[in-house]
Every structure is written in C-alpha cells, then in structure tokens.
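Peer 1:
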Amino acid sequence: MGKSSDSLRPWVYLAGFSMSGFSLGLITCINTLLFLSRGLSLSLFSLAIGLNFITVMALEMPSGIAGDLWGRKRVWMISRVMTLASLACYGFGNVPVVMLGCVLSGAGIAFSSGTLDALYMERWMHERGENSLGKAQMWYSAIQYSSMGIGSLAGGILSGFSLWGIPYNGNLMTAFVLTATALIWIGFLIPQDTSRREESQNSASLTRQMLEQGKQALAAAGKSPVLMVCLVGAVMMGFATSGVELYWQPHLETLAENRDIGFLLGCLPLPVWRLWCWAAWFPGNCH
Numbered sequence: 001m002g003k004s005s006d007s008l009r010p011w012v013y014l015a016g017f018s019m020s021g022f023s024l025g026l027i028t029c030i031n032t033l034l035f036l037s038r039g040l041s042l043s044l045f046s047l048a049i050g051l052n053f054i055t056v057m058a059l060e061m062p063s064g065i066a067g068d069l070w071g072r073k074r075v076w077m078i079s080r081v082m083t084l085a086s087l088a089c090y091g092f093g094n095v096p097v098v099m100l101g102c103v104l105s106g107a108g109i110a111f112s113s114g115t116l117d118a119l120y121m122e123r124w125m126h127e128r129g130e131n132s133l134g135k136a137q138m139w140y141s142a143i144q145y146s147s148m149g150i151g152s153l154a155g156g157i158l159s160g161f162s163l164w165g166i167p168y169n170g171n172l173m174t175a176f177v178l179t180a181t182a183l184i185w186i187g188f189l190i191p192q193d194t195s196r197r198e199e200s201q202n203s204a205s206l207t208r209q210m211l212e213q214g215k216q217a218l219a220a221a222g223k224s225p226v227l228m229v230c231l232v233g234a235v236m237m238g239f240a241t242s243g244v245e246l247y248w249q250p251h252l253e254t255l256a257e258n259r260d261i262g263f264l265l266g267c268l269p270l271p272v273w274r275l276w277c278w279a280a281w282f283p284g285n286c287h
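Residue numbers for the sequence shown, in our numbering: 1 to 287.
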C-alpha cells in the first residue's frame, strides 16, 4: 500500500481526518444510550468508560514509541482496525463483548494519537517550512472538530432509525463504513514513512530503543512543571466532566417522555466542537 512519492498533498490527510472525526461524532452523541440499549446499567457503563480510559492511559506512551519505531502510518492503520473491531462489538455483542469493545476502542484512541497527525505536520514542515506550521495546525484542528460536530448532528438524526430492528445500529454501521473508508483511503494514498525498525533490523535493539524512549519521556515529564500541570489538569477535567457525560443523555430521554430527541442529541455536543474550531482557527490566522 502507499505511493512511492513523499510529496505533501494536504487534502488527502484532511479528508482522512474528516472521515475519522465524522465517525467519532456519530457515536459521541448517543454513547450512553447505545450502551444502555446493549444491556448495561449506568454503573456498568461507568465501569466500561473506566476500562476505556485506563486502556488509553496505559497504551498512550507505548503507542507513541511504536509509531516512532514501526512507522506512524502503520500504527495509525492498526488503530483503525481496533476501532472497527470495537464498533463490531458494540453492534452485535452482549455485555462482556461490549466491555471488550470499550478496551479495543481505548486501544484505538491511544494508537491513533500522535501518528497520522504527526506525520502530516512533519511532511508539511519539510515541504513548506516551520513558519507555516500554524496554518497546518489550523486546518487539521478545524477539519477534525468541525467534522465531529457535523457527525454528531447526523448521528442524532440517525439515532431515530434502527437497523435490523436493533437501536443505534444505523450510527454504528455508518461509523464502521466511514472508518473502513478512511483506512483504505490513507492506506493507498499516503506514502509509508520510514521507521527506525527499518533502519536497524536488530530485534534485540528494538526492545532497548523502546525502553530508552520510555525513560526519556518519563524524565522529560518529571522535569517540566508545565507538562505536569497539563497532565494533572487533564485528569481533573476528566473527573469533572465524566458525571455530566454519563447522565445527560438518559436524563434528556426521560424528560422527552418518548418523543423523538434525535435532533437534540446531535445539537447539544455542537457548542464544544464550535469552541474547538474557533480556538484552532484563530491562532492559525494570526500568523
């Protein structure tokens, strides 16, 4: 897979980001209701979300190291396969299978972080210079989060239609198709990046490289007060918003008294995406 040319074609990357963002928005707007419809209670859903977060945290650093050593495009494609598997678990599984889907989803998030987006930034900088990186970041963030918002709106509308008599399968199937399309799109149109493993085929040194990178990352985190503040703030923000994210969808459904709330489910997450888009667009236009 992949073409031999390393020339930057931003629209190819941005199209891949938009498909991934759209598919994420399709699920975000109905995630609690989706899990409740699969037989989970709210307490089990809390456990499922906890498993998801723990998986993301546990694999965040190893996945970044894997991207450096095995190639960012390859690791991103692995992440999309994990996401496809998680969507399949949500679509047809019972409670244990849905729990497995949460773990796979967390692994997919961790393995996609800092892979294709980093490759996009690196190639942009190589062809257009460091001074234009603000514009690259602007386009990436604007496309990513606007597609999430549009996907959320579409997901709210789709939530009113069941597929094969199973609620929310329309959202899952659409997200599955988009994720698979993004996987094929990136696989064929984005050139493979050179990995350090290809530069050194010694498997023993590969393990040492991973351990060394892990030590360096931990040392950098310990020496940077700003980074530590960001990490602590992210944890606090996660705890502060988890309760709201857990309960607002079923509570809205109760208030609706069996009326169609699909449009509202899609609209309510939109202010968050709009804020992200504005924050991404404004700094990019200041350069």
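Glycine included, every Cβ here is placed at the ideal spot set by N, Cα and C.
Counting only C-beta atoms, is Val226 closer than 8 Å to chain D at any point?
Peer 2: Given the protein chain composition of this structure (a single chain), no chain D is represented.
Peer 1: In chain order, what residues of the same chain have a beta carbon less than 8 Å from the beta carbon of Gly288, not counting five sequence neighbours either side?
Peer 2: The requested residue 288 does not occur in the structure, where the chain is confined to residues 1 to 287.
Peer 1: Return yes when the Cβ of Gly187 is within less than 8 Å of the Cβ of Met77, no when it is not.
Peer 2: yes
Peer 1: If contact is defined by three or more beta carbon pairs under 8 Å, each pair taking one atom from either stretch, is the stretch 135-149 in contact with the stretch 18-26?
Peer 2: With the cut-off at 8 Å, the stretch 18-26 and the stretch 135-149 touch.
Peer 1: Please report how far the alpha carbon of Ser18 lies from the alpha carbon of Thr181, in whole angstroms.
Peer 2: Cα atoms of Ser18 and Thr181: separation of roughly 11 Å, rounded to the nearest angstrom.
Peer 1: Here's a check: name, in chain order, each residue in its chain whose Cβ is nearer than 7 Å to the Cβ of Leu163, leaving out the five neighbours to either side.
Peer 2: Hits under 7 Å: Asn169, Gly170 and Met173.
Peer 1: If contacts are defined as beta-carbon pairs under 8 Å, then Gly16 and Leu116 qualify, I think. What distance do you get, rounded to the angstrom?
Peer 2: At roughly 7 Å, the Cβ-Cβ gap stays under 8 Å, so Gly16 and Leu116 are in contact.
Peer 1: Specify, as a first and last residue, the run of the alpha helix (DSSP H) that Ile109 falls within.
Peer 2: Element bounds for Ile109: Val95 to Ser112.
Peer 1: Output needed for Ile143: all residues of its chain with C-beta closer than 8 Å, excluding positions within five of it in sequence on either side, in chain order.
Peer 2: So the list reads Leu14, Phe17, Ser18 and Gly21, once near-sequence residues are dropped.
Peer 1: If you follow the alpha helix (DSSP H) that Leu42 is part of, which residue opens it and which one closes it?
Peer 2: If you look at Leu42, you'll find it in the alpha helix (DSSP H) that goes Leu42 to Trp70.
Peer 1: Is it right to say Lys73 is buried, meaning 16 or more other beta carbons lie within 10 angstroms of its own, or is it exposed?
Peer 2: buried
Peer 1: Using the beta-carbon count (16 or more within 10 Å), is Trp11 buried or exposed?
Peer 2: exposed
Peer 1: Compare the beta carbon distance of Ser152 and Thr28 with 8 Å and say whether it is the shorter of the two.
Peer 2: Yes, these two residues count as a Cβ contact at 8 Å.
Peer 1: Return helix, strand or coil for Leu87, following the three-state DSSP convention.
Peer 2: helix
Peer 1: Does Ile190 come out as helix, strand or coil in the three-state DSSP assignment?
Peer 2: coil
Peer 1: Can Ala110 and Val56 be called in contact, C-beta distance under 8 Å?
Peer 2: Between Ala110 and Val56, the C-beta gap is smaller than 8 Å, which places the two residues in contact.
Peer 1: Where do the N-terminal and C-terminal ends of the alpha helix (DSSP H) with Thr32 fall, by residue?
Peer 2: In this chain, the alpha helix (DSSP H) harbouring Thr32 covers Asn31 to Ser37.
Peer 1: Which whole-angstrom value describes the C-beta separation of Leu8 and Glu130, a residue pair presumed to lie in contact below a C-beta threshold of 8 Å?
Peer 2: No, Leu8 and Glu130 are not in contact; Cβ-Cβ is about 14 Å, not under 8 Å.
Peer 1: What's the gap between the Cα of Leu51 and the Cα of Val103?
Peer 2: 6 Å
Peer 1: Please return the same chain residues whose Cβ sits closer than 7 Å to the Cβ of Asp193, not counting the five positions on each side in sequence.
Peer 2: Around Asp193: Gly71, Arg72, Lys73 and Leu119.
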